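Going left to right, the sequence shown walks through residues 7 to 98 as this note's numbering numbers them.
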Amino acid sequence: MSTWNDDLAFLGGLIAGAIMGGLVAALLAPRSGPETREQVVERGLELNGRAEDVVQRAQQVASETVAKVQVAAQDMLGHGSGAESKPGGEGI
7 MSTWNDDLAF LGGLIAGAIM GGLVAALLAP RSGPETREQV VERGLELNGR
57 AEDVVQRAQQ VASETVAKVQ VAAQDMLGHG SGAESKPGGE GI
């Protein structure tokens, strides 16, 4: 489980670094204050939209994976209970 935590920490650091780098670059840009603030707002809205898309896709993939696991588990349980209910251990 520590690999998962390490990966999650790396991803969080990567995202935080990208956001901070973007803010610093935007603030140091050769534009006036109002133009820079407008650009920051626009990029923030764009980033928000992208993040919502990523979250929605992740939820969709997770739902599909859960459905596949449930089907596989039902198949395993269905086949397992059928084999256990046969008397005398056929073929032995």
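All C-beta atoms in this analysis are idealised placements derived from N, C-alpha and C, irrespective of residue type, glycine included. Predicted model only: the values in this text are computed from it and were never measured.
(request) Taking only the alpha-carbon atoms, compute the straight-line gap between residue 35 and residue 77 and give it to the nearest angstrom. (result) On the sequence shown, residue 35 is found 29 positions in, with the first residue counted as 1. On the sequence shown, residue 77 is found 71 positions in, with the first residue counted as 1. Roughly 54 angstroms separates the two Cα atoms.
(request) Could you check what DSSP says for residue 38 in three-state terms: helix, strand or coil? (result) Translated into the one-based positions of the sequence shown, residue 38 becomes position 32. Coil, per DSSP.
(message) Suppose only complete runs of 4+ residues qualify. What are the alpha helix (DSSP H) ranges in the segment 53-88, listed by chain order?
(response) none
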